[in-house]
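*Asks:* Please see the structure below; I have some questions.
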């Protein structure tokens, strides 16, 4: 665990304008630094002090001055075309309202912090016209910053805008078979496949893909891994959607342990069957994001090594400061 002034290297801006050190602290009132529209926000950031620890960092106050930030993570409107069953911000129930004054305040903060990377997420950015117009302005005025989009990748009509605007595009999956995907988020996965393929083939933006694990899609993880190895994005990460919170392990038939074991074995088989792809494309490692998933799948470093897949999968602690960061020449050098 590294002692770090997290709030002086990165910030998370909630949809309502509240400012936190990272996206892992938005639900902790004592971690709120201020609001984006506060006239004295800079002073509040400099003076902020709190007790906070995660898998990677321990928060310290740090220097009284603000240097160039590594990342500003911005949550815009919750307007979204999806109806994700496990949405932690209740976007499906949201009216999509967003205070337009925030756009001016955000630009002021971006110019103050001059971040290496500007990350934007909703809701769904690619259905928010005002947000997209603002991001185009950001691209012009903050030309030295990378801009990263977090998206469900389902609005294929905006793929050209995405390619022209974003340096990095991360597409989140909540399943891999169409019925699962539609049940969980109400959309057609074929559009997301199409979106990813167009981004990958354009070579204008770096494509990253993320799998949000839940009990309903856990067994589809090997299918996702096989597909991701074939499309060869810049990075692949597996994140948890509070899977263990939905699972009852204490059943007489040991149901979930059987499903997890079979899934784990199929992951190993899938990777070995696709090693030729790894050699052909120099495929990046699949990142298991956090100890919770490693524990859930009953995978550790010893298991990876014994099954000869340690060259393909890596377990990393959850990094809330840069939770969507990956190891790539164009991205990680600016965020780590």
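Residue numbers (this note's numbering): 212 to 547. Every residue gets a Cβ at the ideal spot worked out from N, C-alpha and C, and that includes glycine. Note that the structure is predicted; figures quoted are calculated from it, not measured.
Around the Cβ of residue 433, are there at least 16 other Cβ atoms within 10 angstroms (buried) or fewer (exposed)?
*Replies:* Label assigned to residue 433: buried.
*Asks:* Does the count of Cβ pairs from the region 239–256 and the region 295–306 closer than 8 Å reach three?
*Replies:* no
*Asks:* So, are the CB atoms of residue 383 and residue 364 less than 9 Å apart?
*Replies:* yes
*Asks:* Do residue 263 and residue 335 have their beta-carbon atoms positioned less than 9 Å apart in this structure?
*Replies:* The answer is no: Cβ separation not under 9 Å.
*Asks:* Classify residue 199: buried if its beta carbon has 16 or more other beta carbons within 10 angstroms, exposed otherwise.
*Replies:* Any question about residue 199 goes unanswered here, given that the chain covers just 212 to 547.
*Asks:* For the alpha helix (DSSP H) that contains residue 335, what are its first and last residues?
*Replies:* Where residue 335 is concerned, there is no enclosing alpha helix (DSSP H), given that its DSSP letter is neither H nor E.
*Asks:* List, from N- to C-terminal side, the beta strand (DSSP E) runs of 3 residues or more that fit wholly inside the region 349–405.
*Replies:* 357–362, 379–384
*Asks:* Are there any heavy atoms of the ligand NAP lying less than 8 Å away from the beta-carbon of residue 369, as far as the coordinates show?
*Replies:* No copy of the ligand NAP appears in this structure; indeed no ligand is present at all.
*Asks:* Could you check whether the Cβ of residue 412 sits closer than 9 Å to any Cβ belonging to chain D?
*Replies:* Protein chains in the displayed structure number just one, and chain D is not present.
*Asks:* For residue 547, which residues from the same chain have a beta carbon less than 6 Å from its beta carbon, with the 5 sequence-adjacent residues on both sides left out?
*Replies:* Any reading at residue 547 must be qualified, since the residue scores a pLDDT of 22, below 50, and its modelled position is unreliable; no value is offered.
*Asks:* Cβ of residue 357 within 9 Å of Cβ of residue 389?
*Replies:* Going by beta carbons, residue 357 and residue 389 fall outside the 9 Å limit.
*Asks:* Please report the distance separating the alpha-carbon of residue 377 from that of residue 416.
*Replies:* 6 Å
*Asks:* Just to confirm my understanding: we take residue 316, look at its own chain, exclude 5 residues before and 5 after, and list those with CB closer than 6 Å. What are they?
*Replies:* 247, 248
*Asks:* Determine the DSSP secondary structure at residue 479, reduced to helix, strand or coil.
*Replies:* helix
*Asks:* Below 9 Å between beta carbons: does that hold for residue 260 and residue 272?
*Replies:* yes
*Asks:* Anyone know if the C-beta pair for residue 482 and residue 520 falls short of 9 Å?
*Replies:* Residue 482 is a Cβ neighbour of residue 520, given a cutoff of 9 Å.
*Asks:* Taking the alpha helix (DSSP H) that residue 314 belongs to, which residues open and close that run?
*Replies:* 312–324
*Asks:* From what residue to what residue does the beta strand (DSSP E) around residue 417 run?
*Replies:* 417–424
*Asks:* Going by DSSP in three states, residue 243 sits in which element: helix, strand or coil?
*Replies:* coil
*Asks:* Please report the distance separating the alpha-carbon of residue 485 from that of residue 438.
*Replies:* 10 Å
*Asks:* Would you call residue 327 buried or exposed, if buried means 16 or more other Cβ atoms sit within 10 Å of its Cβ?
*Replies:* buried
*Asks:* Go through the region 275–308 residue by residue and report every complete run of the beta strand (DSSP E) that reaches 3 residues or more, in order.
*Replies:* 282–286
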